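A quick write-up on the structure given underneath.
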Amino acid sequence: MQIRTALSLTATTLAAALLLSGCVSGEGGVTDKAAEPDATEVAAEGWSADTLTLDFATYNPLSLVIKDQGWLEATLGDDVTVNWVQSAGSNKANEALRAGAVDVGSTAGSAALLARSNGSPIVAIDIYSQPEWAAIVVPQGSDITSVADLKGKSVAATKGTDPYFFLLQALEEAGVGLDEVEVQNLQHADGKAALESGAVTAWSGLDPLMAASEATAGSTLVYRNIDFNTYGFLNATETFLEKSPDLAQLVVDAYEKARAWAQENPDEVVAILAEVAGIDPAVAKTVITERTNLGVDPAPGDAQRKVLEIVGPIFVESGDVASQQAIDDALAKLLDDTYVTKADPANVTG
């Protein structure tokens, strides 16, 4: 078994637009940074902070691997306390980042752009995956067969997350106005429950909950489009990056170690996801092997910018962002490839 690396034609074209060997320092409006010492050098002189708080999420398999393997704890030893906070969705990760409750958090690219456009000072420092984690889901036996059929119906979606923005794009493509559907703003797990109970007609779902609903309740994905799924963004607060670039670099080093480990040990990743999410291993296998591309170029850059340039105007049209200028300003500051460019998994113990 191998983790899926095949992309759709459009996604492949976007991903190929930026290769690590061709990264330009400071790309995306981020200024060049002086070279940071590696983990061994920093450990000898002392780390910049005595705590590191980051999230883990079932929609971010690499976070689960890093937490499970204990690499950060082993590398930092007694000098830095590592705190893990679970994110139930991109909106919750964004709330934690804005509040300073986490230093590093996992979101969809669309959610990161939304947050930055609305004033949250976050920066994407790594791309952890290109997932197909969102789709339009209907319950078993539904007569809904297309997005167009949702006109006048109720749809559950978590605002501020990729499934919500997936819904906006799907409705626009189908010629259905946002005001022509009733969007129930429910957290992902509640949306799944509402769908299966019949409280809503459809759900813009998120894996692994979506795959679990397929397996246990017979739910059906009536509309899929990987190009409407934005990438998985690993974001850090500007304050954290300014005060602790050494720890930020170590986190990215750990993510790149986890990426290689996950591709070499897909069965273990499936087992970890199944345990954390409380789902059947067969469901976890579907998520990891069929709907998750961990082999994506990890450097935030042109591929992500092109996707977000498409999503951005939809935010303005839907009223989620005040103006296109806010989108443009956010895109100029959101993406930072310097940590990935300098990433060295060998700096991570384990």
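When you line the sequence shown up against mature numbering (1 follows the signal peptide of the UniProt record, and there is no 0), it's residues -26 to -1, 1 to 324, in that order. Glycine included, each C-beta is placed from N, C-alpha and C at the ideal position. Quick caveat: nothing in here was measured; it's all calculated off a predicted structure.
Query: Under the three-state reduction of DSSP, which class applies to residue 297: helix, strand or coil?; Result: coil
Query: By how many angstroms is the C-alpha of residue 108 removed from the C-alpha of residue 121?; Result: 14 Å
Query: What whole-angstrom Cβ distance do residue 40 and residue 228 have, given they're in contact under 8 Å?; Result: 5 Å
Query: May I ask you to list the residues that DSSP assigns as paired with residue 81?; Result: 207
Query: Starting from residue 286 and walking both ways along the alpha helix (DSSP H), at which residues does that stretch end?; Result: 276 to 292
Query: Could you tell me which residues DSSP puts in a beta bridge with residue 266?; Result: 105
Query: Whole angstroms is fine: what's the gap from residue 255's alpha carbon to residue 245's?; Result: 6 Å
Query: Take residue 211 as the anchor and find which of 205, 68, 20 has the nearest alpha-carbon.; Result: 68
Query: Buried or exposed, going by whether 16 or more other CB atoms sit within 10 Å of the CB of residue 297?; Result: exposed
Query: Give the secondary structure of residue 317 by DSSP, where H, G and I count as helix, E and B as strand, and everything else as coil.; Result: coil
Query: How is residue 45 classed by DSSP in three states: helix, strand or coil?; Result: helix
Query: Secondary structure at residue 309, three-state DSSP: helix, strand or coil?; Result: strand
Query: Going by DSSP in three states, residue 193 sits in which element: helix, strand or coil?; Result: coil
Query: When the Cα atoms are used, what is the spatial distance from residue 102 to residue 309?; Result: 13 Å
Query: Please determine, among 222, 32, 274, 115, the residue with the shortest C-alpha to C-alpha distance to residue 172.; Result: 115
Query: For residue 178, which beta-bridge partners are listed by DSSP?; Result: 110
Query: Where does the unbroken alpha helix (DSSP H) through residue 344 begin, and where does it stop?; Result: Nothing about residue 344 can be reported from this structure: the residues present for the chain run from -26 to 324 only.
Query: May I ask you to verify whether the segment 288 to 297 touches the segment 70 to 81, counting CB pairs closer than 8 Å and requiring at least 3?; Result: no
Query: Cutting at 7 Å between CB atoms, please list the residues of its own chain near residue 47, excluding the five before and the five after it.; Result: 56
Query: Closer than 8 Å is the cut-off here; do at least three beta carbon pairs connect the segment 259 to 267 with the segment 215 to 226?; Result: no
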